[in-house]
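From first to last, the protein sequence lines are chains V and F.
Each residue of the first sequence is one higher than the last, beginning at 1 in this note's numbering.
Each residue of the second sequence is one higher than the last, beginning at 1001 in this note's numbering.
Glycine included, each C-beta is placed from N, C-alpha and C at the ideal position.
Structure first, then comments.
Number of protein chains: 2
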Amino acid sequence: MELYIEKIVITPIAITDPPLLNAAGLHASYALRTVVEIITNTGIAGVSEIPGNEEVNKALEEIAPLLRGWDPFQLNGLQRLIHNTFGADKPDARGDAPWDQRKVVHIFSALEVACLDVIGKYTDRPVVDLLGGKMRDEVPFAAYLFYKYEGAGGRLGFDMDPSAKGWAAARQQAAIDPQGVVDQAKAMCREFGFQSIKLKGGAFPPNEEVNAMLALHEEFGGMPLRHDPNANWTMGSALSYGTKMQDVLEYWEDPVRGQKNMAELRRQMKVPFATNMCTTSFDDFPESVRLHSEDIILSDHHFWGGLKASMELSRLCMTFDRALSMHSNSHLGISLAAMVHLGAAIPNFSYALDTHYPWQSEEIIKGGRLAFENGAVAVPEGPGLGVELDHAALQSLHNNYLECGLTERNDEIEMQKVNPDWSFKPVRW
Amino acid sequence: MELYIEKIVITPIAITDPPLLNAAGLHASYALRTVVEIITNTGIAGVSEIPGNEEVNKALEEIAPLLRGWDPFQLNGLQRLIHNTFGADKPDARGDAPWDQRKVVHIFSALEVACLDVIGKYTDRPVVDLLGGKMRDEVPFAAYLFYKYEGAGGRLGFDMDPSAKGWAAARQQAAIDPQGVVDQAKAMCREFGFQSIKLKGGAFPPNEEVNAMLALHEEFGGMPLRHDPNANWTMGSALSYGTKMQDVLEYWEDPVRGQKNMAELRRQMKVPFATNMCTTSFDDFPESVRLHSEDIILSDHHFWGGLKASMELSRLCMTFDRALSMHSNSHLGISLAAMVHLGAAIPNFSYALDTHYPWQSEEIIKGGRLAFENGAVAVPEGPGLGVELDHAALQSLHNNYLECGLTERNDEIEMQKVNPDWSFKPVRW
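Below is the structure:
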């Protein structure tokens, strides 16, 4: 039967986000996401979720009419159409912030994942089978710790909700020192069963962050630990403070800025290096190979051009002896489901994936939030991504978007609300 | 609906092949292929075709029972199963001959392509759509010229068939000098409309082959020309004789042996280098990048691990600024169809593909031999590969296999029947 796209619905949403600290400042009380629904002539609805950004939303609105009548299987052609429409992202488009600021890759990811969801539903197969099939039934994630201020985010602003219990209560607590970080880790691991732990760093002076990592090691013994200062340490700090903690690290993510620095530092240390900041596209790969800037690529299908491109990246990594794991941003269940399908398909899985999901509390998929068991998420049952949009919940989060007035992520502005003198520095410590 | 493999049928066949010369000797009067049929519980039959070899056939027979009940979508798992069963091909398993002598990659290709044919039929989609969809409706091939002795091959041995007309008659003619090569090219291009021309070399002294290339240039003007001595020229010959013809070449394929020599020679010349002998696996890729041994990878899904792996190779090539084209061996329409689906899907198509198909006269697919128009083959219509096995024709070529007594390709032995003193030399000229 003929299958084509009849309509594309683009819905920006704002999701409650706590006051998490990172190298670029402070998370706003809402994080933005964009949800894409592709509706076919046969009534299939495919969905996807990407980081929210007004410029990307506009571009999606611009390309949507061109895709009326498009066969969702034509993903190679879709990529060409997008490139013909918008060109390619400029080499510096990723930006200096911890998150990826490119446009074209995000658009392709949004459309590709929704098309794969359509294809899965059309063929009655889970997306993982469109990526070559399952190598594992469940996908392990890591506890993603953040330095944070007190509070919950969202409609509450950063107020506390005194009625919250368990992890929902723990999630509101401040964590600005080793003990706070350890307490957060204990609560998060108790709730989700994570078997490895990452601390988002770059927020406090290196000696404090090293002490937090050593405290985690003290508390969690052999648990794999990771630290990510988002490339804002100097070479000097990284060498001297990194040396103090490398024995307790499973990997070190983006200690310094740029492939060249990463490579130079890596040669002087004995901990594997990971990145989602210095090698973030296929274009970056040759120089990464030449310099050997990292051991582990933290891919993200949202900015590596979708799920099929991520399978190709998996092959690149195997070919050039890089491990592959995954980066995340604040996200909901559609992105999580896509990450799980991909994580279940890649042959070279050796590091639990990142997810911000525990920091979110809302959901826009029917049946509510996806569950973690022993830190892992089972590949969703059912065709496509295995999730279905809850339109009432979507509308409610879209209302949040309209009300909150945010149009893009800007952690610097949020931080300046707390500390007016603060400004973003690509290399701070 | 549940879908699983119920039966795998492995049928070795022998196809009529003329006395073509190459660096390893002489084609036998039959070329061996193996046809794999995968029959599912739902009655779908998926097919594939690979180079025939007794050892590979035995391995296929060994793994077939393990795949009873296997879901054909589980291709990542299939690869793991094959590796767990047979290990990986050893680094030197490719061998020195022009054709690839590895076992495991061929097994995987045979099973993967047949599974993709099943999946296409199950989902009512052409295989190209399982590879991301069509970038083009037809796939250009090159005229593949061979030095040859007189005769047709097959049941005729190398006798002539006086009733043959047109290309069937021209195909029987000897071509052992520039005029013979030009005549062959004219007849082949007249019949199939090819827009580029390759001469399989390595058979005669370099000055004679250079003269043949110059004669082709003289006759065909701006037509893209390629020459492939299958790595049996010395560095000295390649440099001095290559210099005489590089201005008329679109690319030069494997003039010398090994990545190191290729890289060294390439730096001294101004013609793009292609290979299907020095960079023939993902394992070879890092060293190819380091040395820059070639500009164009001549992939072959039969030994790069199937069609999805070839799409991954396409990404590797784009990432590292290599072009991608395709190698071939004597083959029938199932392999040609698979090549066309792949050729239609790859985004980075810039060189017409190789095919031996004009040298064959038989076919095992319903409707007979696939057609070339202006040197290109249209992507077959219909689900899967778009071809269906003609079991009577298959049986007849299987009978040839049983009668001919060949169990593997050995061009040296065939050449020794003509010239008893001849022996294979990896580097001859």
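Query: Are the beta-carbon atoms of F/Tyr1030 and F/Ala1014 separated by less than 8 angstroms?; Result: yes
Query: Is the Cβ-Cβ distance between F/Asn1276 and F/Cys1317 less than 8 angstroms?; Result: no
Query: Assuming contact is defined by CB atoms lying nearer than 8 angstroms, are F/Leu1385 and F/Ala1309 in contact in what I supplied?; Result: no
Query: Which residues bound the alpha helix (DSSP H) around V/Tyr122?; Result: 104 to 123
Query: Considering only the alpha carbon of each residue, which of F/Asn1419, F/Ala1059, F/Ala1175, F/Val1139 lies closest to F/Ala1152?; Result: F/Ala1175
Query: Would you kindly check if the distance between the Cβ of F/Ser1314 and the Cβ of F/Pro1307 is under 8 angstroms?; Result: Here residue 1307 of chain F turns out to be Leu, not Pro, going by the sequence shown. In this structure, F/Ser1314 does not lie closer than 8 angstroms to F/Leu1307 by Cβ.
Query: Assuming F/His1302 contacts F/His1083 (C-beta within less than 8 angstroms), just tell me the rounded distance between them.; Result: Not a contact, Cβ separation roughly 18 angstroms.
Query: For F/Leu1075, go through chain V and note every residue whose CB falls closer than 7 angstroms to its CB, in chain order.; Result: Gly132, Gly133
Query: Answer with yes or no whether the minimum CB distance from F/Leu1066 to chain V is below 8 angstroms.; Result: no
Query: Start and end of the beta strand (DSSP E) containing F/Met1188?; Result: Segment 1178 to 1192 is the alpha helix (DSSP H) holding F/Met1188; no beta strand (DSSP E) there.
Query: Checking 8 angstroms against the spacing of the C-beta atoms, do V/Ala142 and V/Leu353 come in under that value?; Result: yes
Query: Let me see if you follow: with CB-CB separation under 8 angstroms, is F/Arg1315 close to chain V or not?; Result: yes
Query: Measure the C-alpha to C-alpha separation of V/Gly202 and V/Leu239 and round it to an integer number of angstroms.; Result: 15 angstroms
Query: What are the partner residues of F/Ser1048, as DSSP defines its beta bridges?; Result: F/Val1036
Query: Could you list which residues in chain V have their beta carbon closer than 7 angstroms to that of F/Asp1129, in chain order?; Result: Phe73
Query: Quick check on V/Ala121 - is its C-beta less than 8 angstroms from some C-beta in chain F?; Result: With the sequence shown as reference, residue 121 of chain V is identified as Lys, and Ala is not the correct amino acid for it. No - not a single Cβ of chain F is within 8 angstroms of the one on V/Lys121.
Query: Show which residues of chain V have a CB atom less than 7 angstroms away from the CB atom of F/Val1289.; Result: Val289
Query: Work out the CA separation of F/Glu1403 and F/His1356 for me, nearest whole Å.; Result: 23 angstroms
Query: Counting only C-beta atoms, is F/Thr1407 closer than 8 angstroms to chain V at any point?; Result: no
Query: Can you tell me the Cβ-Cβ gap for V/Ala430 and V/Val36, rounded? I've got them flagged as a contact below 8 angstroms.; Result: Examination of residue 430 of chain V is not possible in this model, given that chain V is present from 1 through 429 alone.
Query: Is F/Arg1369 close to the ligand GDP? I mean its beta-carbon at under 7 angstroms from any heavy atom of the ligand.; Result: The ligand GDP is absent from the structure shown, which contains no ligand whatsoever.
Query: Could you pull the start and end residues of the alpha helix (DSSP H) that V/Ala263 belongs to?; Result: 259 to 267
Query: From the DSSP output, in three-state form, read off F/Lys1417 for me.; Result: helix
Query: Going by other Cβ atoms of all chains shown within 10 Å of its Cβ, with 16 needed for buried, is F/Glu1062 buried or exposed?; Result: exposed
Query: Does the count of Cβ pairs from the region 1242 to 1250 of chain F and the region 1215 to 1225 of chain F closer than 8 angstroms reach three?; Result: yes
Query: State the Cα-Cα distance for the pair V/Leu406 and V/Lys417, rounded to the nearest angstrom.; Result: 14 angstroms
Query: Taking buried to mean at least 16 other C-beta atoms within 10 Å of its own C-beta, is F/Asn1374 buried or exposed?; Result: exposed
Query: Where do the ends of the alpha helix (DSSP H) carrying V/Trp431 lie?; Result: Here chain V has residues from 1 to 429 only, and residue 431 of chain V is not among them.
Query: Taking the alpha carbon of V/Ala378 as the reference point, which residue from V/Asp137, V/Tyr4, V/Arg80, V/Asp390 has its own alpha carbon closest?; Result: V/Asp137
Query: Of the residues V/Pro205, V/Glu150, V/Glu191, which one's Cα is nearest the Cα of V/Gly166?; Result: V/Glu191
Query: Tell me whether the beta-carbon of V/Gly52 lies closer than 8 angstroms to the beta-carbon of V/Pro12.; Result: yes
Query: I'd like to know whether the C-beta atoms of V/Pro255 and V/Pro229 end up nearer to each other than 8 angstroms.; Result: yes
Query: Would you say F/Lys1270 reaches chain V, if we count a Cβ-Cβ gap shorter than 8 angstroms as a contact?; Result: no
Query: Quick one, which of F/Gln1360, F/Ala1371, F/Ser1330, F/Ile1197 has its alpha-carbon nearest F/Phe1411's?; Result: The sequence shown places Asp at residue 1411 of chain F, not Phe. When each option's Cα is compared against that of F/Asp1411, the closest is F/Ser1330.
Query: To the nearest angstrom, report how far apart V/Glu253 and F/Asn1041 are at their CA atoms.; Result: 48 angstroms
Query: Residues of chain F with CB under 9 angstroms from V/Arg266, in chain order?; Result: What V/Arg266 touches in chain F: nothing, since even the nearest Cβ is about 18 angstroms away.
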